[in-house]
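Participant: Each number in the numbering used here comes from the position in the sequence shown (counting from 1) with 494 added on. For glycine and all other residues, C-beta sits at the position ideal for the given N, C-alpha and C. Note that the coordinates shown come from a computational prediction; the quantities given were computed from them, not determined experimentally. Got a structure for you, questions after.
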Amino acid sequence: MAIVSVKEILEHAWGHKYGVPAINVFNYETVKWAIEAAEEERLPIIIQFYPGFAEHIALKYVADFAVDMAKKARVPVAVHLDHSPSYEIAVGGIRDGFPSVMVDGSVLPYEENVELTRAVVRVAEVFGVDVEAELGHVGSGSSLDDIVNEKNYTSIEDAVDFTERTGCGSLAIAVGNAHGVYIREPRLDFDRIRAIRSAVKVPLVLHGCSDIPDDQLKESVNLGLSKFNIATEYDRAFYTAIAARADKTEQKGSFFRLQEEAAKDIRAFVAGKLRLLNPNGYAL
Numbered sequence: 495m496a497i498v499s500v501k502e503i504l505e506h507a508w509g510h511k512y513g514v515p516a517i518n519v520f521n522y523e524t525v526k527w528a529i530e531a532a533e534e535e536r537l538p539i540i541i542q543f544y545p546g547f548a549e550h551i552a553l554k555y556v557a558d559f560a561v562d563m564a565k566k567a568r569v570p571v572a573v574h575l576d577h578s579p580s581y582e583i584a585v586g587g588i589r590d591g592f593p594s595v596m597v598d599g600s601v602l603p604y605e606e607n608v609e610l611t612r613a614v615v616r617v618a619e620v621f622g623v624d625v626e627a628e629l630g631h632v633g634s635g636s637s638l639d640d641i642v643n644e645k646n647y648t649s650i651e652d653a654v655d656f657t658e659r660t661g662c663g664s665l666a667i668a669v670g671n672a673h674g675v676y677i678r679e680p681r682l683d684f685d686r687i688r689a690i691r692s693a694v695k696v697p698l699v700l701h702g703c704s705d706i707p708d709d710q711l712k713e714s715v716n717l718g719l720s721k722f723n724i725a726t727e728y729d730r731a732f733y734t735a736i737a738a739r740a741d742k743t744e745q746k747g748s749f750f751r752l753q754e755e756a757a758k759d760i761r762a763f764v765a766g767k768l769r770l771l772n773p774n775g776y777a778l
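Here it is as structure tokens:
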């Protein structure tokens, strides 16, 4: 099956009432295992890479092998560059071969976020690349204020204005979610999700989905959210699977063997997220 665009996957998910996990990867194996899990479950998936990891592996390398694997997958797979904090990084991701990029101007004043996003969209349109943007403050799970202060949340009125003026293909919103490990259990603002979904015309994205309770994620799908970013939990699953098999007393240690033995656990983790975000039983 040929690689598909993020926009295509998200619009299909929105119309068929399922959510798509966007798995943050960090090497070849983490891409491979996520796609294999999606093939086993017969569900679409998004593979994404955080540009802050570029010091460990160049964006172009990730784009090359992720796109190649997506083209050969037996289910729809999209490839996306996550959280580009600047015009230069987002456009660099387009140059390096990512079919979809996120530009995150949410820390900027509103009008500057509009201008930044619109500038990236103009370049992306030339190359047929999708653009995700962010509005509201999706902060850190370690900050209680970032989670509970409604002043950080996405305004319904701003969401309408922002999407219409920028032309972004999808919008990440702040509704009580945050990045990283949560200091307390998050409580998503379902009324706000419902209102934004009713007001805007593009697919909606939820960042910081690691450790959000299952019932809240299912409800978010049913309210119309489409893309669910999962990074912290995937990294943790990889670490836990490797650590459980490591033996410091072993004379002939093999990291490659550890990875191969951990693969089953990692695929099971991704498969669980695919099933969780498919509460209405969609099947390809």
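Helix or strand or just coil, what does DSSP make of P680?
Facilitator: P680 falls in the coil class under three-state DSSP.
Participant: How many Å lie between P570 and R678 at the Cα?
Facilitator: If I take the Cα positions, the gap works out to 35 angstroms.
Participant: Distance check for A572 and P603, CA to CA, integer angstroms please.
Facilitator: When rounded, the distance between both Cα atoms is 31 angstroms.
Participant: Below 8 angstroms, can you find three or more Cβ-Cβ pairs linking the segment 538-545 to the segment 571-586?
Facilitator: Output reads yes: the segment 571-586 touches the segment 538-545.
Participant: Check this for me: beta carbons of V514 and I529, under 8 angstroms apart or not?
Facilitator: No.
Participant: What does the alpha-carbon distance come out to for the pair A653 and S580?
Facilitator: Roughly 20 angstroms between the two C-alpha positions.
Participant: For the segment 682-747, which segments carrying the beta strand (DSSP E) assignment without a break, of at least 3 residues, lie completely within its bounds, in sequence order?
Facilitator: Whole beta strand (DSSP E) segments, 3+ residues: 698-700 and 719-724.
Participant: Figure out for me which residue from S720, R568 and K758 has the closest Cα to the Cα of N772.
Facilitator: For the residues S720, R568 and K758, the minimum Cα distance to N772 belongs to S720.
Participant: Which one or two residues does DSSP pair with S578 in a beta bridge?
Facilitator: Per DSSP, V597.
Participant: Please give the ranges of any alpha helix (DSSP H) in the segment 595-676, keeping only runs that are unbroken, at least 4 residues long and fully inside the region.
Facilitator: Segments of the alpha helix (DSSP H) lying fully in the segment 595-676: 604-621, 638-642 and 650-660.
Participant: Provide the residue span of the alpha helix (DSSP H) that contains F592, from first to last.
Facilitator: Here F592 belongs to no alpha helix (DSSP H), and DSSP marks it neither H nor E.
Participant: Give the straight-line distance between the Cα atoms of A757 and A777, rounded to the nearest whole angstrom.
Facilitator: The alpha-carbon atoms of A757 and A777 are separated by roughly 24 angstroms.
Participant: Residues in its own chain within less than 8 angstroms of R441 by CB, not counting five upstream and five downstream?
Facilitator: What the structure shows of the chain is the stretch from 495 to 778, and residue 441 is not part of that stretch, so it cannot be assessed.
Participant: I'd like the span of the beta strand (DSSP E) that includes I517, first residue to last.
Facilitator: It spans V514 to V519 - the beta strand (DSSP E) in which I517 sits, taken as one unbroken run.
Participant: How big is the Cα-Cα spacing for P707 and F520?
Facilitator: If I take the Cα positions, the gap works out to 25 angstroms.
Participant: Report buried or exposed for F732, applying the criterion of at least 16 other Cβ atoms within 10 angstroms of its Cβ.
Facilitator: Buried is the call here.
Participant: Apply the 10 Å Cβ neighbour rule to D558 and answer buried if 16 or more other Cβ atoms are within range, or exposed otherwise.
Facilitator: The residue in question, D558, is exposed, as its Cβ has fewer than 16 Cβ neighbours within 10 Å.
Participant: Classify L717: buried if its beta carbon has 16 or more other beta carbons within 10 angstroms, exposed otherwise.
Facilitator: So L717 counts as buried.
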